[in-house]
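Take a look at the structure set out below.
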């Protein structure tokens, strides 16, 4: 049995009911591991030389071997020759840039202490500073996604602070262009007043507390005095008494 069509009223859906939800806010993925600036630049140099300039390592190794031959240092020639042999062997290329051997000044012999015949151990003459291990066996994009330098990290903090100020200034964009409530307006006024008129400073009495003082509104410049650029040709010289001026006027 067919039912008759109903005449009930149905609320019309708004256009916004059919719209999908807004996309989530994109967050910038920043490297989590902060390393020293020198270690960061050295690792970047090694990765760029390995991936983008594969012949650079071989060229520098050959140049080091030629410098060793020119110096006629047997120890340096031996080390440079072994390093060149490793680089020229297929499948044994390393990702490290060769460094010039600076121990050839003593003809490869172990240095001795002054006035003694026993050679000095290398561990007693110079102590190596421990350097944090940085993994360079990855691509350039993967390295920059994992590591960052101290300067970059400080720049990220300044950028976050600036973005936070912009978000507070243009908060109506993220609020759906809605008018703020009275409580939000009052809270913003209180925060602005506290930020502009007062600041937290140490009271200096070592009581582990902060005292609220009025903010110093003096301009950030050295103390000076008001001086007018008045020369002696167009204006009367300073320090001249009125009596002298009257005498001159009478003579005229």
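Residue numbers (full-length UniProt numbering): 1 to 252. Just so you know, even glycine gets a beta-carbon here, dropped at the ideal spot from N, CA and C.
- Its Cα nearest to that of residue 149, the residue 43 stands out among 47, 43 and 29.
- Counting C-beta pairs closer than 8 Å gives fewer than three between the region 58–68 and the region 147–165, which falls short of the contact rule.
- In the structure shown, the three-state DSSP call for residue 45 is helix.
- From the listed residues 154, 171 and 170, the smallest Cα separation to residue 30 is found for 154.
- Boundaries of the alpha helix (DSSP H) harbouring residue 59: 56–71, taken from the DSSP string.
- By the Cβ-count criterion, residue 48 is exposed, with fewer than 16 other Cβ atoms from all chains shown falling within 10 Å of its own Cβ.
- In the DSSP assignment, residue 170 falls outside any alpha helix (DSSP H), carrying neither H nor E.
- In the three-state reduction of the DSSP assignment, residue 149 falls in the strand class.
- Secondary-structure assignment with DSSP links residue 34 through a beta bridge to 148.
- Going by beta carbons, residue 35 and residue 147 fall inside the 8 Å limit.
- In this structure, the straight-line span from the alpha carbon of residue 238 to that of residue 189 is close to 51 Å.
- Residue 33 has its alpha-carbon roughly 40 Å from the corresponding atom of residue 77.
- Residue 57 has its alpha-carbon roughly 15 Å from the corresponding atom of residue 67.
- Following the DSSP letters along the chain, one finds residue 134 in no alpha helix (DSSP H), marked with neither H nor E.
- Judged by DSSP in its simplified three-state form, residue 29 adopts coil rather than helix or strand.
- In the DSSP assignment, residue 74 falls within the unbroken alpha helix (DSSP H) covering 74–88.
- When secondary structure is reduced to three states using DSSP, residue 141 falls in the helix class.
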